[in-house]
Amino acid sequence: LSLPFPRTLSPKKQNTKKKRSGNGEYTDGVKWKFLEHKGPVFAPAYEPLPSHVKFYYDGKHMKLSPEAEEVATFFAKMLDHEYTTKDIFRKNFFKDWRKEMTSEERAKLTDLKKCDFGEMSNYFKAQSEARKAMSKEEKQKIKEENERILQQYGFCLMDNHKERIANFRIEPPGLFRGRGDHPKMGMLKRRIRPQDIIINCSKDSKVPEPPPGTKWKEVRHDNKVTWLVSWTENIQGSIKYIMLNPSSRIKGEKDWQKYETARRLKKCVDRIRAQYREDWKSKEMRIRQRAVALYFIDKLALRAGNEKEEGETADTVGCCSLRVEHIKLYPENEGQEYVVEFDFLGKDSIRYYNRVPVEKRVFKNLQLFMENKEPDDDLFDRLNTSILNKHLQELMDGLTAKVFRTYNASITLQQQLKELTTAEENIPAKILSYNRANRAVAILCNHQRAPPKTFEKSMQNLQSKIDAKRDQLADAKRELKSAKADAKVRKDEKSKNKKKAVQRIEEQLMKLEVQATDREENKQIALGTSKLNYLDPRISVAWCKKWGIPVEKIYNKTQREKFAWAIDMAEDDYEF
DNA sequence: TGCGCGACTTAGAAACTTTCTG
DNA sequence: CAGAAAGTTTCTAAGTCGCGCA
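Each residue of the first sequence is one higher than the one before, starting from 14 at the first, in this note's numbering.
Spelled out as structure tokens, the structure:
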């Protein structure tokens with residue numbers, strides 16, 4: 014395994030050699046010298062429906078123009094999804110659909126409720142069934158074709174390295190699926206064409222060819238950025254990019270740098286904590302607000318909380334954008350003093366609910382911040398992320414609000430691993446401990462998931478397995494007893510067998526019960542995000558080395574590729 | 001000082017694939 | 001060997017944060 018980038022110089026050493034700009038890059042900002050790639054893969058062209066698949070309006074068959082039909086199929090494909098029952102989704106969809114209709118269609122189709130997409134929907138279901146039912150050979154053929162496209166478009170050449178591209182396929186058109194109460198859900202996400210695409214590559218590279226008869230919007234040669242392809246998306250007007258895989262040098266170095274910054278925070282976090290505690294007493298309100306917000310970011314691993322344009326996105330908040338309505342103060346609650354109750358929607362409209370006791374000073378400050386305010390007023394009216402980050406930058410080079418999340422996540426993993434791992438345990442038990450440590454971090458960072466649709470059912474299945482196993486155990490015990498009691502001759506051997514059976518069944522039962530606990534504890538918790546984005550992989554690698562756990566038990570193939578730098582670098586005594 | 005933009009990281013859902021179990 | 005469960009990959013939305021401009 015060769016390292017994707019040299020490790021003779023640590024990022025820290027490099028930093029002392031070159032002056033850093035504000036965002037942590039080198040002042041020259043050059044990301045590569047040479048970049049060559051084949052451009053994006055476009056979404057397949059629309060294939061009109063066969064004529065027997067009909068659309069009905071108000072009970073009557075109606076043949077749609079190809080443009081209107083395509084948009085109708087987007088809705089038909091989502092018919093079983095909850096989205097299509099939501100008013101905003103339906104309203105946005107219908108408005109955008111009507112724009113794609115001919116004037117005749119527009120005149121006729123005035124009510125979405127009268128549209129019958131049933132045949133279309135059934136047709137797509139049948140198609141997906143047919144795909145599942147394909148023969149091995151047919152499936153193999155498709156797999157090979159995908160592999161061919163991957164080989165052709167899935168890699169690029171960056172500074173003498175062949176690198177995997179993360180998302181070389183352009184997003185296909187469809188209906189926008191915002192998270193939570195998104196005001197734009199259901200809008201038409203339009204098809205991206207070559208003339209929408211900006212290509213980025215080096216001057217001395219072979220510029221990718223646009224499809225025959227088309228042109229790129231622009232070809233540029235900007236080595237201060239890492240993207241290969243970009244286009245502007247029509248829902249929010251934001252820019253989308255094609256970039257490299259996490260296993261690439263450019264992503265790996267950045268990741269490494271992120272953890273090194275978090276480790277530098279470790280060295281000065283005591284000082285920073287002492288400072289913000291002092292600032293709770295400041296005579297200036299803006300300083301007190303800054304200090305209380307930073308306390309939340311540090312203690313609760315909240316996100317920074319940028320301002321958002323009202324009405325353009327779902328109403329979600331982070332620390333700096335908390336409103337009065339998002340917290341409740343309890344001078345006393347369940348035997349604890351100065352309790353703050355948080356209840357708000359964070360990133361991806363995931364609910365953050367927490368009750369925490371805080372220092373008296375924090376509590377008094379919060380009362381002050383909330384005085385004479387309406388529920389929808391900002392809690393920190395003298396603060397925003399820009400002010401906070403400017404302050405943090407002064408406390409430590411490269412420090413921003415998100416560094417606290419990385420730091421607290423990684424340090425928590427390290428502590429938990431130390432606490433939970435015991436030498437006597439076997440490998441599965443150690444892995445359970447690792448997962449528990451991982452879970453502690455996921456809880457800290459509030460990484461939640463919707464309980465799987467089949468959760469209740471699979472839990473029931475598991476429970477009936479446990480019940481059956483209990484019965485089986487009872488039977489086995491009874492048999493053991495009678496074997497002991499009645500047999501006189503060859504008693505020993507029979508009893509021994511029965512005893513073994515009892516032990517085996519007890520073990521199986523235990524395993525099932527652990528599995529049930531584990532699954533229950535993980536019901537609403539997503540472990541992947543912290544593992545991939547917050548936990549310094551060197552902590553995990555060191556832990557594996559220390560306890561003789563194969564690293565494959567902790568990281569799958571993709572994860573090992575992403576963390577190749579750490580696997581190669583960390584020894585068993587690595588300390589975050 | 002505020003604002004919009006651009007580039008990048010972080011996020012959970014859904015689709016797909018592999019493994020387990022009865 | 002089928003169906004369920006678990007694991008993995010793909011997809012793309014939604015954040016963070018710095019910069020330049022008025």
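A virtual CB, placed ideally from N, CA and C, is assigned to each residue, including glycine.
| Pick from V220, K264, L335, R192: whose alpha carbon is nearest that of E574? | As a working mapping, residue 574 is identified with position 561 in the first sequence. Nearest of V220, K264, L335, R192 to E574, Cα basis: K264.
| Helix or strand or just coil, what does DSSP make of V54? | Stepping through the first sequence from its first residue, residue 54 is reached at position 41. Three-state DSSP puts V54 in a strand.
| request: Please classify S477: does DSSP put it in a helix, a strand, or coil? | output: Within the first sequence, residue 477 is the residue found at index 464, counting from 1. Residue state, collapsed to three classes: helix.
| What is the DSSP secondary structure of I340, counted as helix, strand or coil? | On the first sequence, residue 340 is found 327 positions in, with the first residue counted as 1. In the structure shown, I340 sits in a strand (DSSP, three-state: E or B).
| request: Give the range of the beta strand (DSSP E) segment to which M383 is assigned. | output: Residue 383 sits at position 370 when you count from the first residue of the first sequence. Counted as a single uninterrupted DSSP element, the stretch harbouring M383 is not any beta strand (DSSP E) but the alpha helix (DSSP H) occupying residues 373 to 383.
| request: Taking only the alpha-carbon atoms, compute the straight-line gap between N346 and A555 and give it to the nearest angstrom. | output: Locating residue 346 in the first sequence gives position 333, counting from the first residue. Locating residue 555 in the first sequence gives position 542, counting from the first residue. Near 42 Å, if we compare the C-alpha coordinates of A555 and N346.
| request: Pick out whichever of L335, V371, R374, A314 has its Cα sitting closest to the Cα of F357. | output: By one-based count along the first sequence, residue 357 stands at place 344. Per the Cα distances, L335.
| said: On the CB-based measure, 16 or more other CB atoms within 10 Å of its CB, does H234 come out buried or exposed? | reply: The count along the first sequence starts at 1 and reaches residue 234 at position 221. Burial call: exposed.
| said: Using only the alpha-carbon positions, how far apart do R449 and D531 sit? | reply: Counted from its first residue, the first sequence places residue 449 at position 436. Counted from its first residue, the first sequence places residue 531 at position 518. Approximately 9 Å between the Cα atoms of the pair.
| Contacting residues, own chain, Cβ-Cβ under 6 Å from L22 (five flanking each side not counted) | As a position in the first sequence, residue 22 is number 9, starting the count at 1. Summary for L22: the model assigns pLDDT 32, below 50, so the residue's position carries little reliability; its value from the coordinates is reported in the next sentence. Taken in chain order, the list of residues that qualify is empty.
| Between I424 and the rest of its own chain, which residues show a CB-CB distance below 8 Å, the 5 nearest in sequence each way excluded? | Locating residue 424 in the first sequence gives position 411, counting from the first residue. Once the five neighbours on either side are set aside, the close Cβ partners of I424 are K279, F589.
| request: State yes or no: is the C-beta of L548 within less than 7 Å of the C-beta of A422? | output: Translated into the one-based positions of the first sequence, residue 548 becomes position 535. Translated into the one-based positions of the first sequence, residue 422 becomes position 409. Against a cut-off of 7 Å, the Cβ pair of A422 and L548 comes out as a contact.
| field | Same chain, Cβ closer than 7 Å to K267, five either side skipped, listed in chain order | value | Taking the first sequence and counting its residues from 1, the one referred to as residue 267 is at position 254. None.
| said: So M198 and Y69 are supposed to be a Cβ contact under 8 Å. How far apart are they, rounded? | reply: Within the first sequence, residue 198 is the residue found at index 185, counting from 1. Within the first sequence, residue 69 is the residue found at index 56, counting from 1. No, M198 and Y69 are not in contact; Cβ-Cβ is about 25 Å, not under 8 Å.
| query | Around the C-beta of D283, are 16 or more other C-beta atoms found within 10 angstroms, so that it is buried, or is it exposed? | reply | What you label residue 283 is simply residue 270 of the first sequence in a count that begins at 1. Note on D283: under 16 other CB atoms within 10 angstroms of its CB, so exposed under the neighbour-count rule.
| query | Below 8 Å, can you find three or more Cβ-Cβ pairs linking the stretch 158 to 172 to the stretch 105 to 122? | reply | Result no; under three Cβ-Cβ pairs closer than 8 Å.
| query | Nearest CA to the CA of S362: which residue from G193, A306, L201? | reply | Your numbering for residue 362 matches position 349 in the first sequence. Of the candidates G193, A306, L201, the one whose C-alpha sits nearest the C-alpha of S362 is G193.
| So who's on the other strand from G187, going by DSSP bridges? | Translated into the one-based positions of the first sequence, residue 187 becomes position 174. Within the DSSP secondary-structure output, G187 pairs in a beta bridge with K202.
| task | Compute the Euclidean distance between the alpha carbons of I479 and L525, then round it to the nearest angstrom. | result | By one-based count along the first sequence, residue 479 stands at place 466. By one-based count along the first sequence, residue 525 stands at place 512. One alpha carbon belongs to I479, the other to L525, and they sit about 6 Å apart.
| Rounded separation between N105 and K99 - CA only | Looking up residue 105 in the first sequence gives position 92. Looking up residue 99 in the first sequence gives position 86. N105 and K99 have their C-alpha atoms some 10 Å from each other.
| said: From the DSSP secondary-structure annotation, give me the bridge partner or partners of E345. | reply: As a working mapping, residue 345 is identified with position 332 in the first sequence. BP columns for E345 point to E350.
| query | Leaving out the 5 sequence neighbours to the left and right, which residues in its chain are closer than 7 Å to G250 when beta-carbon positions are compared? | reply | For the purposes of this step, residue 250 is taken as the residue at position 237 of the first sequence. Hits under 7 Å: none found.
| said: Taking the beta carbon of N451 as the centre, do at least 16 other beta carbons fall within 10 Å, making it buried, or is it exposed? | reply: As a working note, residue 451 is residue 438 in the first sequence. Under this definition N451 is a buried residue.
| said: DSSP three-state label for R177, please. | reply: Indexing the first sequence from 1 puts residue 177 at position 164. Correct three-state label for R177: strand.
| request: Reducing DSSP to helix, strand and coil, say where C458 ends up. | output: Here residue 458 refers to the residue found at position 445 of the first sequence. Three-state result, C458: coil.
| task | Could you check the C-alpha separation between Y289 and L201 for me, to the nearest Å? | result | As a working mapping, residue 289 is identified with position 276 in the first sequence. As a working mapping, residue 201 is identified with position 188 in the first sequence. A straight-line Cα-Cα distance of about 47 Å links Y289 and L201.
| query | Quick check: the stretch 47 to 63 against the stretch 75 to 93, are there 3 or more CB pairs under 8 Å? | reply | A contact exists between the stretch 47 to 63 and the stretch 75 to 93.
| request: Quick one: residues in its chain with C-beta nearer than 8 Å to the C-beta of P217, no 5 flanking neighbours on either side, listed in chain order? | output: Along the first sequence, read from residue 1 onward, the residue named residue 217 stands at position 204. With the sequence shown as reference, residue 217 is identified as Asp, and Pro is not the correct amino acid for it. Cβ within range, chain order: F47.
| field | Buried/exposed call for L122, threshold 16 Cβ in 10 Å | value | By one-based count along the first sequence, residue 122 stands at place 109. So L122 ends up on the buried side.
| Delimiting residues of the beta strand (DSSP E) encompassing F68 | Numbered from 1 along the first sequence, position 55 holds the residue referred to as residue 68. Note, F68: beta strand (DSSP E), 68 to 70.
| In chain order, which continuous runs of the alpha helix (DSSP H) of length 4 or greater are located wholly inside the stretch 378 to 434? | For the stretch 378 to 434, whole alpha helix (DSSP H) runs of length 4 or above, ordered along the chain, are 398 to 408, 414 to 433.
| field | I310, buried or exposed, once every other Cβ within 10 Å from all chains shown has been counted against 16 | value | To locate residue 310, count along the first sequence from 1; it is residue 297. I310 comes out buried.
| field | Three-state secondary structure assigned by DSSP to I162 | value | Taking the first residue of the first sequence as position 1, residue 162 is located at position 149. For I162, the secondary structure class from DSSP, reduced to helix, strand or coil, is helix.
| said: For T398, tell me which candidate among G318, E354, E565 has the shortest Cα-Cα distance. | reply: Residue mapping note: residue 398 aligns to position 385 of the first sequence, counting from 1. It is G318 whose Cα lies nearest to the Cα of T398.
| task | Tell me where the alpha helix (DSSP H) around E231 begins and ends. | result | As a position in the first sequence, residue 231 is number 218, starting the count at 1. For E231, there is no enclosing alpha helix (DSSP H); the residue is found in the beta strand (DSSP E) stretching over 231 to 233.
| field | Neighbourhood of P418 by C-beta distance below 6 Å, restricted to the same chain and skipping five residues each side | value | Taking the first sequence and counting its residues from 1, one reaches residue 418 at position 405. It is Arg, not Pro, that sits at residue 418 in the sequence shown. So the list reads A314, once near-sequence residues are dropped.
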